[in-house]
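Engineer: Structure in structure tokens, see below.
Number of protein chains: 2
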Amino acid sequence: MADRDSRPPPPTHVGRSNIPPISSNAEEEALPEFEPFGIPRGPPNLKDFLDIWDVNMLKNRDEINKKEHHTDLYDNVKLIVRRGQPFQIKLTFSRPYNPEKDQFCVEFLIGGSPQVSKGTYIPVFPNQEQVKGEWGGRILQSADNVVTLSITPAADSIVGKFRMYVAVMTPYGIRRTARNPERDVYILFNPWCEDDSVCLDNEAERNEYVLNDVGTIYYGEASNVETRPWIFGQFEYGVLDSCLYVMDNAQMPLTGRKDPVKISRVASAMVNSKDDDGIVVGSWSGDYLYGVAPTAWTGSVDILLNYANSGVPVCYGQCWVFAAVFNTFLRCLGIPGRVVTNFFSAHDNDGNLKMDVILDENGQFMPSLTKDSIWNYHCWNECYMSRPDIPVGFGGWQVVDATPQETSDGMYRCGPASVKAIKHGQICFKYDAPFIFAEVNSDVVYWKRMRDGTQQPIKVNKHHVGQMVLTKEVGRDEIKNITDQYKFPEGTEEERLAVDAAVMYNLKRTQITEQPTVVDMDVRVQESVLIGNDFNLTLEFKNRTGQRQTLVIYVNGNIVFYTGVTKTEFMSKSLEFTLGPWETKTENVFVESKKYINKLVEQATLHFIITGRVNDDTQILTAQHVVPLQIPRLTIKMEGVPKLNEEMSATVEFTNPLKKNLEDVSIRLEGPGLMKTKLKMYSIIPPNSSLTWTEYFRPSKSGVRKLVACLDCAALHQVLGVTEIYVNP
Amino acid sequence: MADRDSRPPPPTHVGRSNIPPISSNAEEEALPEFEPFGIPRGPPNLKDFLDIWDVNMLKNRDEINKKEHHTDLYDNVKLIVRRGQPFQIKLTFSRPYNPEKDQFCVEFLIGGSPQVSKGTYIPVFPNQEQVKGEWGGRILQSADNVVTLSITPAADSIVGKFRMYVAVMTPYGIRRTARNPERDVYILFNPWCEDDSVCLDNEAERNEYVLNDVGTIYYGEASNVETRPWIFGQFEYGVLDSCLYVMDNAQMPLTGRKDPVKISRVASAMVNSKDDDGIVVGSWSGDYLYGVAPTAWTGSVDILLNYANSGVPVCYGQCWVFAAVFNTFLRCLGIPGRVVTNFFSAHDNDGNLKMDVILDENGQFMPSLTKDSIWNYHCWNECYMSRPDIPVGFGGWQVVDATPQETSDGMYRCGPASVKAIKHGQICFKYDAPFIFAEVNSDVVYWKRMRDGTQQPIKVNKHHVGQMVLTKEVGRDEIKNITDQYKFPEGTEEERLAVDAAVMYNLKRTQITEQPTVVDMDVRVQESVLIGNDFNLTLEFKNRTGQRQTLVIYVNGNIVFYTGVTKTEFMSKSLEFTLGPWETKTENVFVESKKYINKLVEQATLHFIITGRVNDDTQILTAQHVVPLQIPRLTIKMEGVPKLNEEMSATVEFTNPLKKNLEDVSIRLEGPGLMKTKLKMYSIIPPNSSLTWTEYFRPSKSGVRKLVACLDCAALHQVLGVTEIYVNP
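Note that the protein sequences, when read in sequence, are chains A and B.
Quick note on my numbering: the first sequence kicks off at 1 and runs consecutively.
Quick note on my numbering: the second sequence kicks off at 730 and runs consecutively.
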């Protein structure tokens, strides 16, 4: 590559378009305070005409607009309203308004070169009847010099920050208020409005998916689900502006910003930094020297503010960070959104229905030849909207995924794809449905690789991938299992039809003739295993025949990233034994903590691959078992009476459970409406030693509030704590 | 934005995937010449086993492979074959091959970390029966030490450059040929193969759309179509490697490179430099100081080679350059492709069915407020392939467009979209069909803007946009009108249904009540106008009523870019007259060349907007008329007998037709199989002065050959010449 600086200057819009592309909300040109009609012949005589003395936006939290528009939670002094719903302003003129004689309008403008036909310049006249797809205006009251005006933005208005002017028409020209940023109006999506394409017809769901600024993200393993609290913080100071900045930085044309399909698609590209200088840099390497470890974040606010202030992608994220930041973006703009977790998620397999696992001639796993990885879990987002761009029936929840994927066309964006279309295998409808279908439906194909380089598929597991899709329950901190939204029950005719449909649309799968089942193998761990403890991996074998069977079993214990990628093998054991006719036998494999404890990566997960042969090659046995190690939680104790603006304190406590020092420990503490993110560093915490950290704060919002803490260091990640208090007004 | 250099190093694949992403054809690791099985116990005794003495790829132009695979035209010494079709190689062993005892295979590898399950490592055994979707091998002859092997790549093989080895199995390990780049094999798409998804079942069409390396691109105006010869040059030295480089630079995973849908989509993003450092930088500004003017190119070869050698985007292109380079890419890889031109193409209107033109209160055009532009013409590509990813019935020609568009989701790629789906308004099927549908079907909506900023739609023209879609005829240099592939005839029920379907899928249009037609207006120019000449613009008015009508007519003459963007107004005239009952009147508007000649931009096109009012506001008259100015052609004279490798000469002649000096004139001369691109500069050509330039060359390919010349300078662009000769073998 040649030096970037030797390149010619970037081309201009000249010759390409009459006016430059309109793709920045931040851009503006002020309108003149007096705009003459034609060439003025002497100074205009305006004394007989209305003059605008004051404009009251009724924008305080306790005034009508923010309450009615469910925007009173935003920490933002400007007016924030939702489209398709009336809001009020009060205009004070120099004298009483006379509808027979006086003519005025309220002008809303967004971006550069605003235009009526593009929806970027909207003059609203009093008594402008509300027509579908248009803005409306109505005088509610006119008393003395004060007119109270009700304005209804179109239900498909552009979403963003509008500038507002009041203009009075005179025969000489237009008299106008001066540019005043205090009269800026944010217009957001409106799930409460029937005509808005994000309409969500359930108050409890709207409270969760739009207004809840704290949530829970699930991870771990299907039989051992872990929870991670997360501060979405969509109402925090600066977050709304950051979300608009994200679209500006994507150079997304303003005219597209009325459509949640387009906005969510652009955001799926912008939340990750790949190829567009988006928000978060993904890294799975375990080396996070240049930034914050993905496991160390407590919420999205720092990330978004950091990005918007610097213009530089923030280091680092993994899937739950991308999904959580995306969720903040969606809820902040008013699009109902949630984070979902898919357990055993097929990945990087080019949207095919097969994940290839390569075994050697003896049946042992070959990580160096296995490209595909099944993630222990993968988080993505759902957003709720109608889909007028595809046939009817596919509106509702849509999958969007901001984690950069290795897709076969090499593009780092994904979705929105209708969850219903995924369920039915109708993957021909945009966007990126084949990829998502494969994430929940792939088969695991075990290949046996011969010495001469040839390979044979020897076993297909149809039930490993997409075992469970979870999200947080509406209104309470519980798991909501939504697997049935993505898949028909296993073994049903509908399930088969859905997969057949997907195969018809060119997804590839591998069909093989199954070997006869001679021996059943089951793998389990007795109970949840605390990090640093020894435990038994229990293998149970059952002979399903009347013949004696000889078994050779290999147990590989690996430290894996949650992406299924092996970091290192920490144990390897082989067993050889026989099973009598119909016999059931249990074998315990003892796993010592000292073997794994110094090799763990951030998610403290052990991955066992158990393979084996029955009577040489009658049957190949394969199983994968994930053991997430339990990590102690942080405890948070609150002291004081929780009351608005009254001081109280939170104390975080933690004891090092390991038999070694924890070094360079960071703890974050964050609670929207309680305190901004606090960060504390400890250079060393010896074994069994405890830390106690007390922070004083004054709640700034009332109601149920959460405080989230997260401890992170090289030896121990994902140490989390959360507490909830009720703040009295 | 912060300094790029202060950023952390890019994340690695560690933790993210077992092996790095496989997205480069250029990457390779050599295989060992001896690969032992297990740990060797002493040196292996290989003397009893086959040794490989020679591998003959039968890769010369006159040998069987390139002839049968239609790849003999490529100026490339390596073997080039097409998938799904057998080719032959000859192996010479150390002794005769004994099928009972000896075991060997031919290995094909592409990219890093090759794998059987990904199709990037393929061992082919002799007598490996051809199964659909697999590679096959067969011994044709075994005589003395020489085995002639027939190998058939899978019809859905990855397309690219494979490395080849011959491997002999011994009990000690694998004995293998050394890495030898002379045995590399390019595998291309195969339109001659039934099982290939680009199969095209017509020999004449394959000759045109795959094998023709010269073509014609149409431009100008619907009633005055101009032709531009173009050297696609897909067989020229280095072009095939450049096309593979383009996919490598896009980091397109190798596994996706079996699918023409994915390849054409990635290329639609890569042909323009926007957001991905693609091949050509678009500029429409008229200022091409830093590179070559878009009008000055004679073909794609220089552009592709320049890009592949420097890794830096090439300056500059406009739509026909993007389309022509894309066409070279498609034909070079074996995907049938053609360049099409849409006359009056809607653009930058967010895929909506309306193009807004803003008039002031008097009915005069307001360029500063008109954002949408209708391009006089726009070139894109069609590529031929099946579409297994969408419902049946949409295979065949697919639109792809590499010109960077202002789309409402801000992404610079477009297609493939089924032409048939466009015709039927079935725009819900991927990719980007709404945008292309709008390009050929938009209405032109005239808005009247009042002094107070409000706007009213006053007239809709449904027939201006997408007047005609043209491409070159198969096998001869004539126009093929394919408008009926894109649209049903105007006014038919099918046309209405198609537009209704598109509107159902969320395209927006403007419906207005039409004004009564009182007066008809027709605009024409008597004959084609030579650049530098005066002419009359003829307006004809017909009163369709029995009442007298008063007309006020405004004629605006503008210099426009071919994008419809106004550079400057060069004349403005108003007429006022009356029409008697049923009267027809003709008004001539005289256009002087001195008014426009010094203001022209590269396409020498005049754009007249004629608007007017009948009896004040009974009816608004609007018309747009484009007058492309005729530019003299270059003449090319050939001397000598055209015979392979015999010297002959070409003489380019040109006379300056303008009344001023031409300065800094460049001429390019190019003809595949005749000569590489020659460039000559003239610092000045006075008025009426002539230039004569003779070049000597020796034809390197026989058959019909074309030579294309192009003269370009600031005052005169698009001066083209082409000649055809038959070269005797």
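Even glycine gets a Cβ: it sits at the ideal position worked out from N, Cα and C.
These numbers come from a predicted model, not from an experiment.
Using 8 Å as the threshold, is the segment 1425–1434 of chain B in touch with the segment 990–1007 of chain B, meaning 3 or more CB pairs across them?
Structural biologist: Contact fails: fewer than three Cβ-Cβ distances are below 8 Å.
Engineer: Are Trp975 (chain B) and Val1009 (chain B) closer than 8 Å when you measure CB to CB?
Structural biologist: As a working note, residue 975 (chain B) is residue 246 in the second sequence. As a working note, residue 1009 (chain B) is residue 280 in the second sequence. Looking at the sequence shown, residue 975 (chain B) is not Trp but Val. No. Outside cutoff.
Engineer: Can you have a look at Trp380 (chain A) and say buried or exposed, based on whether 16 or more other CB atoms are within 10 angstroms of its CB?
Structural biologist: Working through the first sequence from its first residue, we reach residue 380 (chain A) at position 380. Flag for Trp380 (chain A) reads buried.
Engineer: Does the segment 825–842 of chain B come close enough to the segment 795–807 of chain B that 3 or more CB-CB pairs lie under 8 Å?
Structural biologist: The segment 795–807 of chain B, when compared against the segment 825–842 of chain B, does not touch it at the 8 Å Cβ threshold.
Engineer: Three or more C-beta pairs under 8 Å: does that hold for the segment 565–575 of chain A against the segment 518–527 of chain A?
Structural biologist: The answer is no - the segment 518–527 of chain A does not touch the segment 565–575 of chain A, with fewer than three Cβ pairs under 8 Å.
Engineer: Taking its Cβ as the centre, do 16 or more other Cβ atoms sit within 10 Å of Gly393 (chain A), making it buried, or is it exposed?
Structural biologist: Along the first sequence, one-based indexing puts residue 393 (chain A) at 393. The residue is exposed, with fewer than 16 neighbouring Cβ atoms inside 10 Å.
Engineer: Only counting the same chain, and skipping five residues up and downstream in sequence, which positions put a Cβ closer than 7 Å to that of Asp970 (chain B)?
Structural biologist: Sequence index remark: in the second sequence, residue 970 (chain B) carries index 241 (1-based). These residues qualify, in order along the chain: Ala1037.
Engineer: Looking at C-alpha atoms only, which residue of B:Asn1190, B:Phe816 and B:Thr1351 is the closest neighbour of Leu914 (chain B)?
Structural biologist: As a working note, residue 914 (chain B) is residue 185 in the second sequence. What sits at residue 914 (chain B) in the sequence shown is Val, not Leu. The candidate whose alpha carbon is nearest that of Val914 (chain B) is B:Phe816.
Engineer: Is the beta carbon of Gly744 (chain B) closer than 8 Å to that of Val601 (chain A)?
Structural biologist: Along the first sequence, read from residue 1 onward, the residue named residue 601 (chain A) stands at position 601. Along the second sequence, read from residue 1 onward, the residue named residue 744 (chain B) stands at position 15. In this structure, Gly744 (chain B) lies closer than 8 Å to Val601 (chain A) by Cβ.
Engineer: What is the DSSP secondary structure of Pro1386 (chain B), counted as helix, strand or coil?
Structural biologist: The residue given as residue 1386 (chain B) occupies position 657 in the second sequence. Note: Pro1386 (chain B) maps to coil in three-state DSSP.
Engineer: Check the Cβ-Cβ distances between Ile64 (chain A) and every residue of chain B, and say whether any is below 8 Å.
Structural biologist: Working through the first sequence from its first residue, we reach residue 64 (chain A) at position 64. Taking Cβ atoms only, chain B never reaches closer than 8 Å to Ile64 (chain A), which makes this a no.
Engineer: Look up Gln1134 (chain B) in the DSSP assignment and say whether it is helix, strand or coil.
Structural biologist: Here residue 1134 (chain B) corresponds to residue number 405 of the second sequence, with the count starting at 1. Correct three-state label for Gln1134 (chain B): coil.
Engineer: Between the beta-carbon of Ile793 (chain B) and the beta-carbon of Thr800 (chain B), is there less than 8 Å?
Structural biologist: Taking the first residue of the second sequence as 1, we reach residue 793 (chain B) at position 64. Taking the first residue of the second sequence as 1, we reach residue 800 (chain B) at position 71. No, Cβ-Cβ distance for Ile793 (chain B) and Thr800 (chain B) is not below 8 Å.
Engineer: Pick helix, strand or coil for Pro738 (chain B), following the three-state DSSP scheme.
Structural biologist: Here residue 738 (chain B) refers to the residue found at position 9 of the second sequence. DSSP places Pro738 (chain B) in coil when its eight states are reduced to three.
Engineer: What does DSSP give as the partner residues of Lys991 (chain B) in its beta bridges?
Structural biologist: As a working mapping, residue 991 (chain B) is identified with position 262 in the second sequence. According to DSSP, Lys991 (chain B) bridges with nothing at all.
Engineer: CA-CA distance, Cys1143 (chain B) and Tyr1425 (chain B)?
Structural biologist: Translated into the one-based positions of the second sequence, residue 1143 (chain B) becomes position 414. Translated into the one-based positions of the second sequence, residue 1425 (chain B) becomes position 696. Roughly 43 Å between the two C-alpha positions.
Engineer: Measuring only between beta-carbons, confirm whether Lys371 (chain A) sits less than 8 Å from chain B.
Structural biologist: On the first sequence, position 371 is the one that residue 371 (chain A) refers to. With 8 Å as the cut-off, Lys371 (chain A) counts as an interface residue toward chain B.
Engineer: List the residues of chain B whose Cβ lies closer than 7 Å to the Cβ of Cys428 (chain A), in chain order.
Structural biologist: Mapped onto the first sequence, residue 428 (chain A) falls at position 428. Here the neighbours are Asp1118, Ile1119, Pro1120 and Phe1158.
Engineer: Confirm, please, whether the CB-CB distance from Gln1093 (chain B) to Thr1340 (chain B) is below 8 Å.
Structural biologist: Within the second sequence, the letter at position 611 stands for residue 1340 (chain B). Within the second sequence, the letter at position 364 stands for residue 1093 (chain B). In contact: Thr1340 (chain B) and Gln1093 (chain B) (Cβ atoms closer than 8 Å).
Engineer: So the candidates are B:Ala933, B:Gly1020 and B:Glu950; which of them puts its Cα closest to the Cα of Val1194 (chain B)?
Structural biologist: As a first step, residue 1194 (chain B) is located in the second sequence; it is residue number 465 there, counting from the start. Of the listed residues, the one whose Cα sits closest to Val1194 (chain B) is B:Glu950.
Engineer: Give the C-beta separation of Ile52 (chain A) and Thr177 (chain A) to the nearest angstrom, bearing in mind that I take them to be a contact with Cβ-Cβ under 8 Å.
Structural biologist: Here residue 52 (chain A) is taken as the residue at index 52 of the first sequence, counted from 1. Here residue 177 (chain A) is taken as the residue at index 177 of the first sequence, counted from 1. Yes, Ile52 (chain A) and Thr177 (chain A) are in contact; Cβ-Cβ is about 5 Å, under 8 Å.
Engineer: Residue range of the beta strand (DSSP E) that Trp375 (chain A) falls in?
Structural biologist: Residue 375 (chain A) sits at position 375 when you count from the first residue of the first sequence. Looking at the DSSP string, the run of the beta strand (DSSP E) that includes Trp375 (chain A) is Ser373 to Met385.
Engineer: Taking 8 Å as the CB-CB cut-off, is Arg1180 (chain B) touching chain A?
Structural biologist: Indexing the second sequence from 1 puts residue 1180 (chain B) at position 451. Interface residue, yes.
Engineer: Can you name the residues of chain B whose CB is closer than 8 Å to the CB of Ala250 (chain A)?
Structural biologist: As a working mapping, residue 250 (chain A) is identified with position 250 in the first sequence. Result: Gly1139.
Engineer: Please report the straight-line C-alpha distance between Gly38 (chain A) and Cys105 (chain A), rounded to a whole angstrom.
Structural biologist: For the purposes of this step, residue 38 (chain A) is taken as the residue at position 38 of the first sequence. For the purposes of this step, residue 105 (chain A) is taken as the residue at position 105 of the first sequence. Each residue's alpha carbon lies about 20 Å from the other.
Engineer: For Asp734 (chain B), collect the residues of the same chain with a Cβ closer than 6 Å to its Cβ; drop the 5 residues on either side in sequence, then sort them by chain order.
Structural biologist: Locating residue 734 (chain B) in the second sequence gives position 5, where the first residue counts as 1. The predicted position of Asp734 (chain B) is uncertain, since its pLDDT is 49 and thus under 50; a value taken from the coordinates is nonetheless stated next. Excluding sequence neighbours, Asp734 (chain B) sits near nothing in its chain.
Engineer: Would you say Thr505 (chain A) faces chain B, with C-beta separation under 8 Å as the test?
Structural biologist: Locating residue 505 (chain A) in the first sequence gives position 505, where the first residue counts as 1. Before going on, a small fix: residue 505 (chain A) reads as Tyr here, not Thr. Cβ-Cβ to chain B under 8 Å: yes for Tyr505 (chain A).
Engineer: Kindly say whether Gln844 (chain B), judged by its beta-carbon, lies nearer than 8 Å to any beta-carbon of chain A.
Structural biologist: Here residue 844 (chain B) corresponds to residue number 115 of the second sequence, with the count starting at 1. Taking Cβ atoms only, chain A reaches closer than 8 Å to Gln844 (chain B), which makes this a yes.
Engineer: What's the gap between the Cα of Phe49 (chain A) and the Cα of Leu91 (chain A)?
Structural biologist: Counting from 1 along the first sequence, the entry for residue 49 (chain A) is found at position 49. Counting from 1 along the first sequence, the entry for residue 91 (chain A) is found at position 91. Cα-Cα distance, rounded: 15 Å.
Engineer: State the DSSP-derived secondary structure class of Lys78 (chain A), mapped to helix, strand or coil.
Structural biologist: What you label residue 78 (chain A) is simply residue 78 of the first sequence in a count that begins at 1. Three-state DSSP puts Lys78 (chain A) in coil, outside helix and strand.
Engineer: Does the distance from the CB of Pro123 (chain A) to the CB of Gly1182 (chain B) come in under 8 Å?
Structural biologist: Against the first sequence, residue 123 (chain A) aligns to sequence position 123. Against the second sequence, residue 1182 (chain B) aligns to sequence position 453. Yes, they are a contact pair.
Engineer: What residues in its chain sit with their C-beta under 7 Å from that of Ala498 (chain A), if we drop five residues either side in the sequence?
Structural biologist: To locate residue 498 (chain A), count along the first sequence from 1; it is residue 498. Here the set comprises Lys423, His424, Gly425 and Phe488.
Engineer: Which ranges would you report for the beta strand (DSSP E) in the segment 416–502 of chain A if only whole runs of at least 3 residues count?
Structural biologist: Listed in chain order, the complete beta strand (DSSP E) runs (minimum 3 residues) inside the segment 416–502 of chain A are 443–449, 455–461, 468–472 and 479–481.
Engineer: With DSSP collapsed to three states, give me the class of Asp3 (chain A).
Structural biologist: The count along the first sequence starts at 1 and reaches residue 3 (chain A) at position 3. At Asp3 (chain A), the pLDDT of 45 sits below 50, so the modelled position is not reliable; the number obtained from the coordinates is stated separately. Asp3 (chain A) falls in the coil class under three-state DSSP.
Engineer: Residues of chain A with CB under 7 Å from Pro750 (chain B), in chain order?
Structural biologist: Sequence index remark: in the second sequence, residue 750 (chain B) carries index 21 (1-based). Per Cβ cutoff of 7 Å: Glu406.
Engineer: Enumerated in chain order, which unbroken segments of the beta strand (DSSP E) with a length of 3 residues or greater are wholly contained in the segment 1293–1341 of chain B?
Structural biologist: Qualifying beta strand (DSSP E) stretches, in chain order: 1295–1308 and 1313–1320.
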